[in-house]
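Each residue of the sequence shown is one higher than the one before, counting from 184 in our numbering. No residue lacks a Cβ here, since even glycine has one placed at the ideal position from N, Cα and C. As the structure is a prediction and not an experimental result, all values here were calculated from the model.
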Amino acid sequence: MKVVMIGAGYVGLVSGACFAEFGAHVTCVDVAEDKIDALNRGEIPIYEPGLDDLVKRNHVQGRLCFSTALADAVPEADLVFIAVGTPTRRGDGHADLQYVYTAAKDVARCLSGYTVIVDKSTVPVGTARQVARIIAEENSEADFDVASNPEFLREGAAIGDFMRPDRVVLGVESERAEARLRALYRPLNLIETPIHVTNLESAELIKYASNAFLATKISFINEMSDLCEKVGADVQAVAKGMGMDGRIGRKFLHAGPGYGGSCFPKDTLALARIAQEHGSAVRIVEAAIEANAAQKARMVKKIREALGGEVAGKTVAVLGLTFKPETDDMRDAPSLAILPPLMEKGAIIRAHDPQGAEEAHGLLPDGIVYADDIADAVCDVDAVVLMTEWNQYRNLDLDGLRQSMRGRVFVDLRNVYDVEQMCEAGFDYISVGRS
Ligand code: UDX
């Protein structure tokens, strides 16, 4: 099976490497020459656990190669995946499809023999059909089908999610396209992965609806956390009690500083726009978006109040900047919304992140001191804010920390620590949804 993956970004690179591991011959094509050169030298442009080894192994074994030349790879391909970015369009919240459509045009000109063109990027409902129109217009001779195969990969756990998915969703229009995609995913038959076959529009909507539902679950528990603080309940006990009901489930009920990342903020916004365009109401999704912004604002207030209402001249150590652990991705990270207002009010920030500091540099205001290690970050600070639950921050030496700090405020935005233990260790400990 010969596969072309257009876009060697997060989704394209992970998916391409995993298909190669399944035994397919994969060419990842990207317009960014420096990225392709780096990949050919064995350098991986993103941090994702396990990806380095997977890429190198399949590259050395000749099943995974990298190129900028679409025209060399596409004529041979059985399947061409489009995995380019679909960022939020400035101004209106719609997904920007220019890269998808350009890829479709470029592919159309190089097709030879029956080929299945598969949308892997998260795209609004109707995009696959639009891609089919573009290809047919561009090349009236082309023998092809278009399919939709959304990804459900979590950053930091993407390889595992690809190799052991809960389901594979295939939006197809013909038996031929379905058979080809099923053949590609055949290795997953061994672990009895459900393959859910639908039409194009349903597959496209499944992706948005899934992400919006998960984002709603997080916003729901975040709003509960605020109520918990006001009535004296403990949000973790509440979430556990709710999650024991099999209909609710215990996952995605961790209160925190609000969801971030490359998917939930962008996809909830795009779904709201799609619905508006079709005259359909998705009030719950809109509320989840608003609640998420409110949660981030609440975290700013929480930190300010923990410091006695006045942050000017106070030094705050921030542990973790990325939107979640095990990634260097800073896209829509809560730190980007929480730190600037504190700095505007005069707070001095010393930050540490195991992988994200470099990217954070360009996104956060100047003036932040980026510490090389945790000890350096917390030295002589008035407060520590645990922003992202990296493993390194889960087992801090509490006595040592207390001694190296000037103050004793510890704001735990991920509820990593036990309230009693932190109070006993001498901290003014504030967390989310726990009194
Ligand atoms: C998500 C989806 O899980 C994945 O299926 C989809 O294809 C891409 O988007 P990802 O963005 O990598 O994956 O991260 P995820 O682990 O889902 O977390 C997203 C955000 O929600 C993070 O900021 C995380 O900290 C936050 N979160 C998650 C919570 O605040 N509470 C939770 O209970 C779960």
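_CA nearest to the CA of Gly-245, picked from Gly-206, Gly-415, Ala-438, Gln-281_ = Cα-wise, what sits closest to Gly-245 is Gly-206.
*Quick one: is Asn-394 buried, meaning 16 or more other Cβ sit within 10 Å of its Cβ, or exposed?*
Under this definition Asn-394 is a buried residue.
*Between the C-alpha atoms of Glu-338 and Gly-496, what's the straight-line distance to the nearest angstrom?*
Roughly 36 Å separates the two Cα atoms.
*Could you check where the beta strand (DSSP E) with Ser-518 kicks off and where it finishes?*
Ser-518 -> not in any beta strand (DSSP E); alpha helix (DSSP H) instead, spanning 517-527.
_Asn-382 beta carbon less than 8 Å from that of Gly-441_ = It is not a contact, given that the beta carbons lie outside the stated cut-off.
*Mind the definition here: the segment 193-207 touches the segment 333-349 only if three or more C-beta pairs lie below 8 Å; say whether that holds.*
At 8 Å Cβ cutoff, the stretches touch.
*Just mark Arg-511 as buried or exposed, buried being the case when its beta carbon has 16 or more other beta carbons within 10 Å.*
Correcting the residue identity first, residue 511 is Asp in this sequence and not Arg. Residue environment: Asp-511 is assigned as buried (16 or more neighbouring CB atoms within 10 Å of its CB, all protein chains considered).
_Counterpart residues of Met-188 in DSSP-defined beta bridges_ = Within the DSSP secondary-structure output, Met-188 pairs in a beta bridge with Cys-211, Phe-264.
*Is there at least one non-hydrogen atom of ligand 3 closer than 7 Å to the beta-carbon of Asn-332?*
Absence of ligand 3 from the depicted structure is noted, with ligand 1 being the only ligands included.
*Are the Cβ atoms of Val-299 and Asp-328 separated by less than 8 Å?*
Yes; because the gap between Cβ atoms is below 8 Å, this pair is in contact.
*Would you tell me roughly how many angstroms separate the C-alpha atoms of Leu-373 and Asp-349, rounded to the nearest one?*
Looking at the two C-alpha atoms, the distance is approximately 14 Å.
*Assign Gln-281 to buried or exposed, taking buried as 16 or more other Cβ atoms, counted over all protein chains shown, within 10 Å of its Cβ.*
The residue is exposed, with fewer than 16 neighbouring Cβ atoms inside 10 Å.
_Beta-carbon proximity check, Leu-547 vs Leu-525, cutoff 8 Å_ = Not a contact, by the Cβ cut-off of 8 Å.
*Between Thr-498 and Ile-531, is the Cβ-Cβ spacing less than 8 Å?*
Yes, the Cβ-Cβ distance between Thr-498 and Ile-531 is below 8 Å.
*Counting Cβ pairs closer than 8 Å, one from the segment 443-459 and one from the segment 269-284, do we hit at least three?*
Two segments are said to touch when three or more pairs of C-beta atoms, one from each, lie closer than 8 Å; by this definition the segment 443-459 touches the segment 269-284.
_Burial state of Leu-410 (16 or more Cβ within 10 Å)_ = By the neighbour-count rule (16 or more Cβ atoms within 10 Å), Leu-410 is not buried but exposed.
*If we ignore side chains and look at the alpha-carbon of each, how far apart do Ile-229 and Gly-415 end up?*
Across the structure, Ile-229 and Gly-415 are spaced so that their CA atoms are roughly 42 Å apart.
*Note down the Cα distance separating Thr-251 from Val-314, rounded to an integer number of angstroms.*
Their backbone Cα atoms lie some 21 Å apart in a straight line.
_Short Cβ contact (8 Å threshold) for Ala-278 with Ala-474_ = Their beta carbons are not under 8 Å apart, which means Ala-278 does not touch Ala-474 by this criterion.
*Do Leu-596 and Gly-439 have their C-beta atoms within less than 8 Å of each other?*
A distance below 8 Å separates the beta carbons of Leu-596 and Gly-439.
_Closer than 7 Å: Cys-201 CB and nearest ligand 1 heavy atom_ = In this structure, Cys-201 has its beta carbon at no less than 7 Å from each heavy atom of ligand 1.
*Between the segment 481-495 and the segment 566-580, do at least 3 Cβ pairs fall closer than 8 Å?*
Contact holds between the segment 481-495 and the segment 566-580, because three or more Cβ pairs, one in each stretch, are under 8 Å apart.
*Under the rule that 16 or more other beta-carbon atoms within 10 Å means buried, what is Lys-434, buried or exposed?*
Exposure of Lys-434 is indicated by the presence of fewer than 16 other C-beta atoms within 10 angstroms of its C-beta.
_Residue range of the beta strand (DSSP E) that includes Ser-335_ = The amino acid at residue 335 is misidentified as Ser; the sequence shows Phe. DSSP places Phe-335 in no beta strand (DSSP E); its state is neither H nor E.
*asked:* Can you check which of these residues, Pro-307, Arg-585, Asn-578, is closest to Tyr-391 by C-alpha distance?
replied: In this structure, Pro-307 is the residue among Pro-307, Arg-585, Asn-578 with its C-alpha nearest to the C-alpha of Tyr-391.
*asked:* With a threshold of 6 Å on Cβ separation, who are the neighbours of Gly-225 within its own chain once the five nearest residues in sequence on each side are excluded?
replied: If we look at Gly-225 and ignore the five residues flanking it on each side, its Cβ neighbours are Lys-239.
*Consult DSSP for Cys-411 and reduce its assignment to one of helix, strand or coil.*
DSSP places Cys-411 in helix when its eight states are reduced to three.
*List in chain order: all unbroken alpha helix (DSSP H) runs of 4+ residues lying wholly within the segment 220-284.*
Runs of the alpha helix (DSSP H) lying entirely within the segment 220-284, each at least 4 residues long, are 234-243, 253-256 in chain order.
_Can you look up Leu-569 in the DSSP assignment and give me helix, strand or coil?_
The answer is strand: DSSP assigns Leu-569 an E or B state.
*In the DSSP assignment, find the unbroken beta strand (DSSP E) run with Val-592 in it and report its ends.*
Going by DSSP, Val-592 is part of the beta strand (DSSP E) stretching over 592-595.
*asked:* Could you tell me the alpha carbon to alpha carbon distance between Leu-237 and Leu-196, rounded to whole angstroms?
replied: Cα to Cα, the separation comes out at about 10 Å.
*Helix, strand or coil at Ala-422 according to DSSP, with G and I counted as helix*: Note: Ala-422 maps to helix in three-state DSSP.
*Between which two residues does the beta strand (DSSP E) harbouring Ala-200 extend?*
Careful: Ala-200 lies outside any beta strand (DSSP E), inside the alpha helix (DSSP H) at 193-204.
*Would you tell me roughly how many angstroms separate the C-alpha atoms of Ser-295 and Thr-399, rounded to the nearest one?*
Roughly 44 Å separates the two Cα atoms.
*His-544 by DSSP, collapsed to three states: which one?*
When DSSP states are grouped into helix, strand and coil, His-544 belongs to the helix group.
*Reduced DSSP category for Ile-531 - H, G, I as helix; E, B as strand; rest coil*: Three-state result, Ile-531: strand.
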